[in-house]
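Engineer:
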DNA sequence: TCTCGGTTACTCGAAATCGAGTATTCGCAT
DNA sequence: ATGCGAATACTCGATTTCGAGTAACCGAGA
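Residue numbers (this note's numbering), protein chains in the order written: chain A, 99 to 329; chain B, 99 to 329.
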């Protein structure tokens with residue numbers, strides 16, 4: 099699977115939009131916004147114009163006319179080409195059928211949990227869960243409204259999917275906070291003890307990391323073998 | 099909330115790593131890999147070195163020594179500064195407590211479902227679900243192994259989170275395929291009819307989009323009012 | 001009539017991102 | 001002894017990305 103000539107998902111949206119009818123870039127951007135697609139696909143002007151010219155360079159779209167009304171900036175209207183339609187179809191196929199690893203910000207944070215004391219992590223995770231619950235209500239309200247407008251789900255499935263992701267995240271955050279609190283998370287005991295040494299006895303964390311056996315004894319056997327590169 | 103001076107999550111990982119002990123960039127990269135953190139945080143050499151020098155420029159880390167062994171490339175060892183520790187703490191707080199919108203690739207695809215006929219979408223979504231189920235088994239096996247090694251969950255929570263996200267996605271994909279198949283998704287009927295006109299009668303899709311009432315009648319009232327920008 | 005905020009439509013350059021490429025050394029099998 | 005693949009440790013420049021900036025026009029109210 100060679101890499102796409104134009105890889106930005108915004109390019110995919112541009113092809114999709116021009117698949118409906120010819121438009122100029124700014125019109126594409128307002129259309130994407132009015133349909134809420136900018137919530138699923140990162141849209142910003144700089145990228146939009148650079149992506150459009152990249153698509154043109156590779157023959158996926160072509161300029162069909164350039165209008166000048168009064169002294170306004172020129173508007174260049176683009177249309178999709180055959181090659182562009184093929185590229186779009188191929189891209190959509192890939193987007194739907196092949197999961198692509200994308201990195202969520204929370205994962206980065208979770209990877210460094212031990213850098214904070216357990217109590218602080220619990221607090222932060224619960225803050226997150228609360229924010230997420232508010233977002234969930236937002237989404238539910240919006241969906242209610244869309245339904246009231248009579249717009250079929252078909253046109254906002256992506257929003258339903260996002261809602262599911264947020265629900266999963268909220269659930270995970272608050273479950274994790276609970277697990278830490280109740281010492282159900284493996285390693286939480288060691289974690290708590292470590293911070294007690296640091297906070298109550300003033301032993302610097304770097305010492306603990308350098309010679310864990312000295313401070314924790316043999317109670318935590320995995321300290322001996324992992325992380326392997328730390329010794 | 100002003101933007102971070104160095105915003106790449108990899109910079110966060112660098113700060114976290116140097117929080118343990120001074121290291122040179124390549125050592126950071128191998129450590130991140132050996133702990134599997136490269137699965138949660140996008141790591142590549144180009145970014146690593148540019149991020150390190152950006153962190154140094156802003157005083158979050160500083161070079162402590164430069165070694166040259168034989169004719170090998172120089173290794174510059176960096177240590178975290180006080181400012182760097184503060185930045186890391188602030189960043190971790192934000193990562194844990196404040197959900198940040200990140201765009202998943204699938205959302206982009208879902209936003210353009212109507213561009214393919216329903217049957218094709220069903221097929222692709224089921225392919226995806228199958229791939230995801232394989233990934234889930236992979237994760238479960240890995241977790242089993244980590245547990246067998248005695249490494250506490252605390253050090254791989256981020257992987258548990260990812261697993262939950264993948265489960266959600268698999269569930270969503272296969273549920274959606276079912277909903278389309280069973281006409282449980284609002285708008286699916288219209289969708290199917292549209293493609294029948296295109297495929298059986300050879301009417302070009304662009305005609306349908308231009309004058310939907312002509313082809314669909316009043317049966318789908320939302321066509322009249324939405325999308326507003328399409329008229 | 002003036003003006004003032006909002007919309008239209010795009011430009012520009014600084015910064016970030018990427019990943020292939022380079023050059024040396026090490027271990028190990030032949 | 002030698003060859004060769006893997007590991008070490010980075011470099012470099014071509015894209016990409018970003019978002020603030022620009023400049024004209026539009027309509028409503030003072």
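Cβ atoms here follow ideal geometry from the backbone N, Cα and C, with glycine treated the same way. Since this is a predicted model, take the numbers as computed values, not measurements.
1) Assuming residue 190 of chain B and residue 213 of chain A are in contact, meaning their beta carbons sit under 8 Å apart, how far apart are those beta carbons, in whole angstroms?
2) Could you work out which residue in A:265, A:187, A:150, A:188 is closest to residue 121 of chain A when comparing CA atoms only?
3) Here's the rule: buried if 16 or more other CB atoms are within 10 angstroms of the residue's CB, otherwise exposed. What is residue 144 of chain A?
4) Alpha carbon to alpha carbon, how far is residue 165 of chain B from residue 133 of chain B?
5) Buried or exposed: residue 128 of chain B, going by 16 or more other Cβ atoms within 10 Å of its Cβ?
6) Based on Cα-Cα distance, which residue from A:161, A:314, A:112, A:201 lies nearest to residue 287 of chain A?
7) Report back the beta-carbon spacing between residue 208 of chain A and residue 259 of chain B to the nearest angstrom; my notes put them in contact at under 8 Å.
8) Just list the residues that DSSP pairs residue 121 of chain B with in beta bridges.
9) Check each candidate in B:304, B:255, B:282, B:310 and name the one with the smallest Cα separation from residue 135 of chain B.
10) So that I know if they touch, is there some Cβ in chain A lying closer than 8 Å to that of residue 100 of chain B?
11) Which residues in chain A sit within 7 Å of residue 270 of chain B, going by Cβ to Cβ distance?
12) I'd like to know if the stretch 277-297 of chain A and the stretch 232-245 of chain A are in contact, where contact means that at least 3 CB-CB pairs between them fall below 8 Å.
13) Go ahead and label residue 266 of chain B buried or exposed: buried means 16 or more other beta carbons lie within 10 angstroms of its beta carbon, across all protein chains shown.
14) For a cutoff of 8 Å on Cβ pairs, would you count residue 212 of chain A as touching chain B?
15) Using the C-alpha atoms, what's the distance from residue 105 of chain A back to residue 156 of chain A?
16) Just how far apart, CA to CA, sit residue 327 of chain B and residue 308 of chain B?
17) For chain A, check one thing: does any of its Cβ atoms lie closer than 8 Å to the Cβ of residue 301 of chain B?
18) Please look up how many angstroms separate the CB atoms of residue 158 of chain A and residue 179 of chain A, rounded, as I've assumed it's under 8 Å.
19) Listing by chain order, which chain B residues have their CB less than 9 Å from the CB of residue 197 of chain A?
20) Can you list, in chain order, the residues of its chain whose CB lies under 8 Å from that of residue 107 of chain B, leaving out five sequence neighbours each side?
21) When burial is assigned at 16 or more other CB atoms within 10 Å of the CB, is residue 302 of chain B buried or exposed?
22) Any beta carbon from chain A within less than 8 Å of residue 329 of chain B's own beta carbon?
23) Consult DSSP for residue 161 of chain B and reduce its assignment to one of helix, strand or coil.
24) Assuming residue 111 of chain B contacts residue 130 of chain B (C-beta within less than 8 Å), just tell me the rounded distance between them.
25) Assuming contact is defined by CB atoms lying nearer than 8 Å, are residue 278 of chain B and residue 234 of chain B in contact in what I supplied?
Structural biologist: Reading it off the structure:
1) Residue 190 of chain B sits at position 92 when you count from the first residue of the second chain. Residue 213 of chain A sits at position 115 when you count from the first residue of the first chain. Their Cβ separation, rounded to whole angstroms, is 6 Å, which keeps residue 190 of chain B and residue 213 of chain A in contact under 8 Å.
2) Position 23 of the first chain, counted from the first residue, corresponds to residue 121 of chain A. For residue 121 of chain A, the nearest C-alpha among the options comes from A:150.
3) Here residue 144 of chain A refers to the residue found at position 46 when the first chain is read from its first residue. With fewer than 16 other Cβ atoms within 10 Å, it is exposed.
4) For the purposes of this step, residue 165 of chain B is taken as the residue at position 67 of the second chain. For the purposes of this step, residue 133 of chain B is taken as the residue at position 35 of the second chain. Distance between the alpha carbons of residue 165 of chain B and residue 133 of chain B is about 25 Å.
5) Within the second chain, residue 128 of chain B is the residue found at index 30, counting from 1. Exposed.
6) To locate residue 287 of chain A, count along the first chain from 1; it is residue 189. Of A:161, A:314, A:112, A:201, the residue nearest in Cα terms is A:314.
7) By one-based count along the first chain, residue 208 of chain A stands at place 110. By one-based count along the second chain, residue 259 of chain B stands at place 161. With a Cβ gap of about 6 Å, residue 208 of chain A and residue 259 of chain B count as contacting.
8) Residue numbering aside, residue 121 of chain B sits at position 23 when the second chain is read from its first letter. Residue 121 of chain B is bridged to B:176.
9) For the purposes of this step, residue 135 of chain B is taken as residue 37 along the second chain, with counting starting at 1. Comparing Cα positions, the closest option is B:255.
10) On the second chain, residue 100 of chain B is found 2 positions in, with the first residue counted as 1. Not one chain A Cβ lies under 8 Å of residue 100 of chain B.
11) Along the second chain, read from residue 1 onward, the residue named residue 270 of chain B stands at position 172. Chain A residues near residue 270 of chain B: 259, 262.
12) no
13) In the second chain, residue 266 of chain B corresponds to position 168, counting from 1. It is buried - the Cβ of residue 266 of chain B has at least 16 other Cβ atoms within 10 Å.
14) Your numbering for residue 212 of chain A matches position 114 in the first chain. Cβ-Cβ to chain B under 8 Å: yes for residue 212 of chain A.
15) For this step, residue 156 of chain A is matched to residue 58 along the first chain. For this step, residue 105 of chain A is matched to residue 7 along the first chain. Cα to Cα, residue 156 of chain A sits roughly 12 Å from residue 105 of chain A.
16) Working through the second chain from its first residue, we reach residue 327 of chain B at position 229. Working through the second chain from its first residue, we reach residue 308 of chain B at position 210. Below a pLDDT of 50, predicted positions are generally treated as unreliable, and residue 327 of chain B, at 34, falls in that range; the measurement from the model is reported next regardless. So the two alpha carbons sit approximately 12 Å from each other.
17) Taking the second chain and counting its residues from 1, one reaches residue 301 of chain B at position 203. No, no contact with chain A.
18) For the purposes of this step, residue 158 of chain A is identified with residue 60 of the first chain, where counting begins at 1. For the purposes of this step, residue 179 of chain A is identified with residue 81 of the first chain, where counting begins at 1. Contact holds; Cβ gap of about 6 Å.
19) Your numbering for residue 197 of chain A matches position 99 in the first chain. Correct list: 203, 204, 226, 229, 230, 233, 264, 267, 268, 271.
20) Here residue 107 of chain B refers to the residue found at position 9 when the second chain is read from its first residue. Same-chain partners within the cutoff: 139, 140.
21) The residue given as residue 302 of chain B occupies position 204 in the second chain. With fewer than 16 Cβ atoms within 10 Å of its Cβ, residue 302 of chain B is classed as exposed.
22) Here residue 329 of chain B is taken as the residue at index 231 of the second chain, counted from 1. Interpretation of residue 329 of chain B is limited by its pLDDT of 27, a score under 50 that renders its predicted location unreliable; the figure taken from the coordinates is listed afterwards. No, no contact with chain A.
23) Here residue 161 of chain B refers to the residue found at position 63 of the second chain. In the structure shown, residue 161 of chain B sits in a strand (DSSP, three-state: E or B).
24) Along the second chain, read from residue 1 onward, the residue named residue 111 of chain B stands at position 13. Along the second chain, read from residue 1 onward, the residue named residue 130 of chain B stands at position 32. That belief holds up - the Cβ atoms of residue 111 of chain B and residue 130 of chain B are roughly 6 Å apart, short of 8 Å.
25) Locating residue 278 of chain B in the second chain gives position 180, counting from the first residue. Locating residue 234 of chain B in the second chain gives position 136, counting from the first residue. No, these two residues do not count as a Cβ contact at 8 Å.
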